[in-house]
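Peer 1:
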Amino acid sequence: MITLGFTRPASKLKSSVEEAEGLGFKVLAAPSLDIIHGDPSEFARLKGCMGEGTPVVFGSTTAADHCSQEFGDEFKTMMSPCEVIAIGPGTAKCLEEYGVRVDLVPEDHSSYGVLNLISRRYKSGRIVTVRSDSGTDIISKGIKDSGLELEDIAVYKLVAADAGDDMIALLESAGTGKLDWMAFTSPLSASTFFDRMREMYPEDYLDRMKKIRVAAIGRPTADMLSSLGRTPDLIPSKTTFHDLLLEIRDRC
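Count along the sequence shown starting at 1, add 1195, and that's the number in our numbering.
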């Protein structure tokens, strides 16, 4: 049996563990990040951006969840005149469950895929991005560099979760080679985990991380891991947690 470690936002941890165990993994998991509802001013800015044909990019299911939490039934009505872009099929499904029509999903379900779609489709005007306060700047920088106007709306915040017993057990398992794979699902969760490994094993944390196989859910997370000194062994062809699990299983 493959021993797999990962961190996930607390709200997604239980379902992620169940999904991984259902695919036959022995799982060691811990909450990585706490999710906090965005400031009222951010939702007011979002509401003020809505207009006929306005491109609105949703960067995660969590962004959709927090918009629904804030606006309720008005969320569907607000978004109806806009051109809605979902970063991937999971986000698209979440939006559709809230009654929001999704117009576009990039072939590459990542920030790079969204940016490629935007650069091909829009030559002028304003792009609205709906995301966390801590995401990568790949989309926002690319939009600005292309000469488009950007409205970057942070509808939720990410903060590092407390290092409880589950996190300590996961760090120790990674550090002592008891994991077959460690999977990372966002750049921030990767950098947070490496910071904690450095605290636990200050002299050789990177060497310890090189003794286990590492997977990144997509290119932004892979780029972060490489910048931390650990190039990932696997990046799935599709940027979803389910595909990440499947490709880890198939690799073994």
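The beta carbon of each residue, even a glycine, is placed where N, CA and C say it ideally should be.
Only a predicted model underlies this, so the values are computations on that prediction, with no experimental measurement involved.
Which of the three DSSP states is assigned to G1330 in this structure?
Peer 2: For this step, residue 1330 is matched to residue 135 along the sequence shown. In this structure, G1330 counts as coil in the three-state DSSP scheme.
Peer 1: Which value, in whole angstroms, describes the spacing of the CA atoms of L1383 and G1246?
Peer 2: Position 188 of the sequence shown, counting from 1, holds the residue named residue 1383. Position 51 of the sequence shown, counting from 1, holds the residue named residue 1246. So the alpha carbons of these two residues sit roughly 32 Å apart.
Peer 1: Using CA atoms only, rank isn't needed, just tell me which of D1260, E1269, I1334 and Q1264 is closest to T1286.
Peer 2: Translated into the one-based positions of the sequence shown, residue 1286 becomes position 91. Comparing Cα positions, the closest option is D1260.
Peer 1: In whole angstroms, what separates the C-alpha of V1252 from that of I1412?
Peer 2: Translated into positions along the sequence shown, residue 1252 becomes position 57. Translated into positions along the sequence shown, residue 1412 becomes position 217. When rounded, the distance between both Cα atoms is 20 Å.
Peer 1: Is it a yes or a no for the segment 1298-1317 touching the segment 1408-1428, going by three-plus beta-carbon pairs under 8 Å?
Peer 2: Yes: at least three Cβ pairs fall under 8 Å.
Peer 1: Spell out a yes or no on whether the segment 1326-1342 and the segment 1361-1368 are touching, meaning 3 or more CB-CB pairs, one atom from each, closer than 8 Å.
Peer 2: In short, these stretches do not touch, since the Cβ pair count stays below three.
Peer 1: To which residues of the same chain is A1215 closer than 8 Å at the C-beta, ignoring the five residues directly before and after it?
Peer 2: Taking the first residue of the sequence shown as 1, we reach residue 1215 at position 20. The residues are L1199, F1201, V1222, A1224 and L1440.
Peer 1: Do F1436 and S1211 come within 9 Å of each other at the CB atom, strictly closer than that value?
Peer 2: For the purposes of this step, residue 1211 is identified with residue 16 of the sequence shown, where counting begins at 1. For the purposes of this step, residue 1436 is identified with residue 241 of the sequence shown, where counting begins at 1. Cβ distance < 9 Å, so S1211 and F1436 count as in contact.
Peer 1: Going by beta carbon distance, what residues of the same chain come within less than 7 Å of E1302, once the five residues before and after it are set aside?
Peer 2: Working through the sequence shown from its first residue, we reach residue 1302 at position 107. G1308, listed in sequence order.
Peer 1: Anyone know if the C-beta pair for V1354 and L1208 falls short of 9 Å?
Peer 2: Locating residue 1354 in the sequence shown gives position 159, counting from the first residue. Locating residue 1208 in the sequence shown gives position 13, counting from the first residue. Result no, Cβ atoms of V1354 and L1208 do not sit closer than 9 Å.
Peer 1: V1300 by DSSP, collapsed to three states: which one?
Peer 2: Along the sequence shown, read from residue 1 onward, the residue named residue 1300 stands at position 105. If DSSP states are grouped into helix, strand and coil, V1300 belongs with coil.
Peer 1: At what residue ranges does the segment 1384-1420 contain a whole run of the alpha helix (DSSP H), taking only runs of 4 or more?
Peer 2: Counting only runs of 4 or more, we get 1400-1404.
Peer 1: The beta strand (DSSP E) with E1344 in it runs from where to where?
Peer 2: Your numbering for residue 1344 matches position 149 in the sequence shown. That run of the beta strand (DSSP E) goes E1344 to A1355.
Peer 1: Restricting to Cα atoms, I'd like to know which of H1232, K1433 and V1295 is closest to A1349.
Peer 2: For the purposes of this step, residue 1349 is identified with residue 154 of the sequence shown, where counting begins at 1. Of the listed residues, the one whose Cα sits closest to A1349 is H1232.
Peer 1: Relative to the C-alpha of S1206, which candidate in I1197, P1226 and K1405 has its C-alpha closest?
Peer 2: Against the sequence shown, residue 1206 aligns to sequence position 11. The option with the nearest alpha carbon to S1206 is P1226.
Peer 1: For R1175, count neighbouring C-beta atoms within 10 Å of its own C-beta (all shown protein chains included) and say buried if the count is 16 or more, exposed if not.
Peer 2: Beyond the ends of the chain as shown, which are 1196 and 1447, falls residue 1175; an answer cannot be given.
Peer 1: In this structure, what does DSSP give as the bridge partners for V1323?
Peer 2: As a working mapping, residue 1323 is identified with position 128 in the sequence shown. In the DSSP output, where bridge partners are listed per residue, V1323 has V1251 and E1346.
Peer 1: Taking the alpha-carbon positions, what's the V1279 to E1292 distance?
Peer 2: On the sequence shown, residue 1279 is found 84 positions in, with the first residue counted as 1. On the sequence shown, residue 1292 is found 97 positions in, with the first residue counted as 1. Using only the alpha carbons, I get a separation of about 14 Å.
Peer 1: Starting from A1225, trace the alpha helix (DSSP H) in both directions and tell me its first and last residue.
Peer 2: Your numbering for residue 1225 matches position 30 in the sequence shown. Per DSSP, A1225 belongs to no alpha helix (DSSP H); it is in the beta strand (DSSP E), K1221 to P1226.
Peer 1: Measure the C-alpha to C-alpha separation of D1361 and G1372 and round it to an integer number of angstroms.
Peer 2: The residue given as residue 1361 occupies position 166 in the sequence shown. The residue given as residue 1372 occupies position 177 in the sequence shown. C-alpha separation (whole angstroms): 17 Å.
Peer 1: Nearest-angstrom Cα distance between S1263 and G1294?
Peer 2: As a first step, residue 1263 is located in the sequence shown; it is residue number 68 there, counting from the start. As a first step, residue 1294 is located in the sequence shown; it is residue number 99 there, counting from the start. Between S1263 and G1294, the C-alpha separation is close to 10 Å.
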